[in-house]
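Protein chains in written order, with numbering that gives the first Met the number 0: chain A, 0 to 406; chain B, 0 to 70.
For each residue, glycine too, the CB sits at the ideal point set by N, CA and C.
Scroll down for the structure; my scribbles are underneath it.
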Amino acid sequence: MSKTHDYDVIVIGGGPSGSTFARIAAQGGMDVLVIDKRKEIGYPVRCGEGLGAREVVKQGLELPRQVYSTEIKGAKVVAPNGKSIVWKDEETKGWVLERKMFDKWLAELAIAKGAEVHVYTRAIDFVKKDGKINGVIISHGGREPYEVTAPLIVSAEGMESLMARKAGFKTVHQPYDVDTCYQYEMKPYDHENLIELYFGNAIAPRGYVWIFPKADRKANVGIGIGGTIFNGEKKGGMKGSDPKILLDDFIKKEKQLKDASTLLDFGGVISVGAPIDEFAKDNMLIVGTAAKQVDPIHGGGIAIAMESAVLAANAALKAHETKNYSKDVLMEYDKIWRAGPGKKMAKRLMLRKVMEKVSDDDLNYIFNTITDGDLNQVMKGQFAGPVAKVLAGRPQLLGVLSALISK
Amino acid sequence: MITIDHSGCILCVGCSSVCPANAIEVIGTRMEHFPEKCIDCGACVRICPANVICLYKGVKSAKDLPADAKK
C-alpha cells in the first residue's frame, strides 16, 4: 500500500511496557517509533528493581548478565514483633535488576526487531485529522517541534502519563491510591539472596520496608507508605507523607545497616490502586504504569507491564492487519487483560485494603499462625485456607478478613 | 501556585502523577510548574518524597511570590 503515515505506531515512553510493546509490534511487521523524553533510557532509576522470573520466562527472554545485580532465591516476610517466615518457591524466584541496564536491553531487543527509538524526545500534543488522533507533535531536546504521523499512539508514559490525560484517559492518581517511597542502595549488607519485607504500622504504615539483595554485599533498602499517611511536615508547614523519616528510623535500629554507606538515594511514588477503567480509545492504547497496571501489594510494575504490553501489541497487530484502529477493535486488549492479569490484580487490591485494617498485634498473630505454604496460597489469591486458619484462633478478625472469603 | 526546589528534586514525577490540573511536567531535565493551571490543592506537596515543594495559596504568578519564598 502507499504510505499514508510516517509510522504504523508511535509509542510514548521507553520503559519496560513501551519497549516490550515495540518489540512485539515490530516483530509482527509494524513500523514502530518509540520516543522517550528522558535523556537516557532507564535513567533516572526510580525503582526497587525486583523482578519475578515468571513473565520473563514466559516471553522466552534470557537476561544477559549485565542487566541484573543478583538472583533472588526466596522471600522473607517479617512481622512487627520480628518473627519471620521464609518462603521459597517458583513464585519467589527472580532477580534484583540493574534497572538502567535492563531497560536499555529491552529497548535494544525492540530495535533488533526493527523498532526505532529516540530519547530526549518529548510528545507535546496530538496531531489530529478529521477530529481523530493521527500522530504526535514532538520536540527533540526542546528544539523546534514537528509532526510525526501514525494511525495508532500508545501511551507507555509511566506515572506521569500526561499525553494519556490529554486524550481523555483518567490517569490522575488519587493520594490514597499511591504509596510514597524512599530508597537507598547500601553497602555493606550481608544477605541470603532473599527479598526481605518488614511489616508493621509503626515501621511503615500501610506499606512495608524492603531490603532487596544486590551483588557484592549491597542491597536496596527502601520503604513505601500510604500516600495519605501524614507523618511529616512539608515545606511551608503543611502535613504530608514523609517516607524518608521512617526509613531512617528503621535503618538506625538495624545493626547491619546503621553504619552502612549509601551509594544511591532517591524517592518516588508508586501506584497501588485499581487499573484505569479503559485501556483503549480510537487510535490510542495505554499500557503499563500509565494504565495503573501495578501490583497493589508489592508495588511491582515491571512484570505486569511486560505482560500487558504483549496483550496490547497483539491487539495493535490485529488493528494493523485490518487497518481499523477504532476503539472497538483495540478494546480486545482491555477485555483479555481484565480476564487475565486484571483478575489477579483485583485480588491483590482486595488484600491490600484488608491488610491496611489489621493492627500490629493481629499481624503478629497472623504471622505466628500461617506457614510459607499459606503465604503462597495468599499470593495466588486463594485466601480461604489461610483465612480459616487465622479465624480459628482469632474469630474477632472475621469482620476485617471476611472481604477475602465472601463470594 | 507552588515552588519547586530544583536543587533537591529527584525527578520522581510523583507530583505530576497526583496533580489533577496537569500543572507539573518534566520538561528536559527538570520539573516545570505552570502556575496558571494550578488549583492550590497541595496534593503534590503532601506526597513529594523529597520534600521540595511549597504551596503559596492564592499566588498566581512567580512575580507575586513573597521575597523569602522557598524555592
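Since residue 179 of chain A is in the beta strand (DSSP E), which residue starts that stretch and which ends it? Numbered from its first residue, the first sequence carries residue 179 of chain A at position 180. Here the beta strand (DSSP E) through residue 179 of chain A covers 177-186.
Starting from residue 181 of chain A, find everything on chain B with Cβ-Cβ shorter than 7 Å and list it in chain order. Numbered from its first residue, the first sequence carries residue 181 of chain A at position 182. Going along chain B in sequence order, the residues near residue 181 of chain A (Cβ under 7 Å) are 48.
Of all Cβ atoms in chain B, is any one closer than 8 Å to the Cβ of residue 142 of chain A? Translated into the one-based positions of the first sequence, residue 142 of chain A becomes position 143. It does not; no Cβ of chain B falls within 8 Å.
For the alpha helix (DSSP H) that contains residue 409 of chain A, what are its first and last residues? Since the first residue of chain A shown is 0 and the last is 406, residue 409 of chain A is not available in this structure.
With a cut-off of 8 Å, does the C-beta of residue 58 of chain B fall near any C-beta of chain A? Walking along the second sequence from the start, residue 58 of chain B turns up at place 59. So no, residue 58 of chain B is outside the interface.
How many Å lie between residue 22 of chain B and residue 15 of chain B at the Cα? Locating residue 22 of chain B in the second sequence gives position 23, where the first residue counts as 1. Locating residue 15 of chain B in the second sequence gives position 16, where the first residue counts as 1. Rounded to whole angstroms, residue 22 of chain B to residue 15 of chain B spans 7 Å at the Cα level.
Own chain, CB closer than 7 Å to residue 8 of chain A, minus 5 neighbours either side, in chain order: Working through the first sequence from its first residue, we reach residue 8 of chain A at position 9. Excluding positions up to five away in sequence, the list reads 24, 29, 31, 149, 151, 153 and 315.
With DSSP as the reference, please indicate the residues paired to residue 115 of chain A in a beta bridge. Here the question's residue 115 of chain A lines up with position 116 in the first sequence. DSSP lists A:32 as partners of residue 115 of chain A.
Is the region 303-320 of chain A in contact with the region 183-200 of chain A, if contact means three or more CB pairs nearer than 8 Å? no
Inter-residue spacing [alpha-carbon to alpha-carbon] between residue 382 of chain A and residue 62 of chain A: As a first step, residue 382 of chain A is located in the first sequence; it is residue number 383 there, counting from the start. As a first step, residue 62 of chain A is located in the first sequence; it is residue number 63 there, counting from the start. Approximately 33 Å, taken between the alpha carbons.
By the 8 Å beta-carbon criterion, what residues does the region 16-48 of chain B contribute toward chain A? 16, 17, 18, 19, 21, 24, 25, 26, 27, 28, 41, 42, 44, 45, 46, 47 and 48
Range covered by the alpha helix (DSSP H) that runs through residue 307 of chain A: Looking up residue 307 of chain A in the first sequence gives position 308. First-last of the alpha helix (DSSP H) with residue 307 of chain A: 301-321.
If the criterion is Cβ atoms closer than 8 Å, does the pair residue 298 of chain A and residue 223 of chain A meet it? Within the first sequence, residue 298 of chain A is the residue found at index 299, counting from 1. Within the first sequence, residue 223 of chain A is the residue found at index 224, counting from 1. It is a contact, given that the beta carbons lie within the stated cut-off.
In this structure, what does DSSP give as the bridge partners for residue 279 of chain A? Numbered from 1 along the first sequence, position 280 holds the residue referred to as residue 279 of chain A. Paired residues: A:284.
Compute the beta-carbon to beta-carbon distance between residue 350 of chain A and residue 296 of chain A, rounded to the nearest angstrom, for a pair I have assumed lies under 8 Å. Position 351 of the first sequence, counting from 1, holds the residue named residue 350 of chain A. Position 297 of the first sequence, counting from 1, holds the residue named residue 296 of chain A. Between residue 296 of chain A and residue 350 of chain A the Cβ distance is about 6 Å, and since that is below 8 Å, they are a contact.
Check the C-beta distance from residue 251 of chain A over to residue 217 of chain A and give it rounded, since I have them as a contact under 8 Å. Residue mapping note: residue 251 of chain A aligns to position 252 of the first sequence, counting from 1. Residue mapping note: residue 217 of chain A aligns to position 218 of the first sequence, counting from 1. Actually they are not in contact, since the Cβ atoms of residue 251 of chain A and residue 217 of chain A sit about 19 Å apart, beyond 8 Å.
Residue 65 of chain A burial status per 10 Å Cβ neighbour count (16 or more: buried): For the purposes of this step, residue 65 of chain A is taken as the residue at position 66 of the first sequence. Exposed is the call here.
Quick one: list the residues of chain B neighbouring residue 248 of chain A, beta-carbon separation under 7 Å, in chain order. Sequence index remark: in the first sequence, residue 248 of chain A carries index 249 (1-based). Per Cβ cutoff of 7 Å: no residues; residue 248 of chain A is ~15 Å from chain B at best.
Between residue 281 of chain A and residue 387 of chain A, what straight-line distance do the alpha-carbon atoms span, to the nearest angstrom? Position 282 of the first sequence, counted from the first residue, corresponds to residue 281 of chain A. Position 388 of the first sequence, counted from the first residue, corresponds to residue 387 of chain A. Going from the Cα of residue 281 of chain A to the Cα of residue 387 of chain A covers about 47 Å.
Can you tell me whether residue 11 of chain B is helix, strand or coil according to DSSP? Indexing the second sequence from 1 puts residue 11 of chain B at position 12. Coil.
Range of the contiguous beta strand (DSSP E) that encloses residue 197 of chain A: Walking along the first sequence from the start, residue 197 of chain A turns up at place 198. Taken as a continuous stretch (DSSP letters only), the beta strand (DSSP E) holding residue 197 of chain A covers 193-197.
Residue 265 of chain A and residue 47 of chain A: beta carbons closer than 8 Å? Counted from its first residue, the first sequence places residue 265 of chain A at position 266. Counted from its first residue, the first sequence places residue 47 of chain A at position 48. Contact flag unset, no.
Do you know whose CA, among A:311, A:168 and A:220, lies nearest residue 335 of chain A's CA? Indexing the first sequence from 1 puts residue 335 of chain A at position 336. For residue 335 of chain A, the nearest C-alpha among the options comes from A:311.
Is the Cβ of residue 73 of chain A closer than 8 Å to any Cβ of chain B? Translated into positions along the first sequence, residue 73 of chain A becomes position 74. Cβ-Cβ to chain B under 8 Å: no for residue 73 of chain A.
Which residue wins for smallest C-alpha separation from residue 56 of chain A, given the options A:376, A:302 and A:341? By one-based count along the first sequence, residue 56 of chain A stands at place 57. Looking at the Cα atoms, A:302 is the closest of the given residues.
Could you pull the start and end residues of the beta strand (DSSP E) that residue 360 of chain A belongs to? Residue numbering aside, residue 360 of chain A sits at position 361 when the first sequence is read from its first letter. No beta strand (DSSP E) holds residue 360 of chain A; the alpha helix (DSSP H) holding it covers 359-368.
For the beta strand (DSSP E) that contains residue 375 of chain A, what are its first and last residues? In the first sequence, the residue the question calls residue 375 of chain A occupies position 376. That residue, residue 375 of chain A, is in no beta strand (DSSP E); its alpha helix (DSSP H) goes 371-378.
Taking DSSP as the reference, what is the three-state secondary structure of residue 151 of chain A? By 1-based counting over the first sequence, the position of residue 151 of chain A is 152. In this structure, residue 151 of chain A counts as strand in the three-state DSSP scheme.
Within 7 Å of chain B by C-beta, residues of the region 254-270 of chain A in sequence order: 265, 266, 267 and 268
Within 8 Å, strictly: CB atoms of residue 17 of chain B and residue 46 of chain B: For the purposes of this step, residue 17 of chain B is taken as residue 18 along the second sequence, with counting starting at 1. For the purposes of this step, residue 46 of chain B is taken as residue 47 along the second sequence, with counting starting at 1. Against a cut-off of 8 Å, the Cβ pair of residue 46 of chain B and residue 17 of chain B comes out as a contact.
Please state whether DSSP places residue 101 of chain A in a helix, a strand or coil. Numbered from 1 along the first sequence, position 102 holds the residue referred to as residue 101 of chain A. Residue state, collapsed to three classes: helix.
Please name the residues in the region 92-126 of chain A whose beta-carbon is closer than 9 Å to at least one beta-carbon of chain B, in chain order. 119 and 121
When you compare the region 154-172 of chain A with the region 285-292 of chain A, are there three or more beta-carbon pairs, one atom per stretch, that lie closer than 8 Å? yes
Check whether the Cβ of residue 65 of chain B lies closer than 8 Å to any Cβ atom in chain A. Working through the second sequence from its first residue, we reach residue 65 of chain B at position 66. No - not a single Cβ of chain A is within 8 Å of the one on residue 65 of chain B.
Do residue 333 of chain A and residue 279 of chain A have their C-beta atoms closer together than 8 Å? If you number the first sequence from 1, residue 333 of chain A lands on position 334. If you number the first sequence from 1, residue 279 of chain A lands on position 280. Yes, the Cβ-Cβ distance between residue 333 of chain A and residue 279 of chain A is below 8 Å.
Can you list, in chain order, the residues of the region 229-248 of chain A whose Cβ is nearer than 8 Å to any Cβ on chain B? 229, 231, 233, 234, 235, 237, 238, 239, 240, 241, 242 and 243
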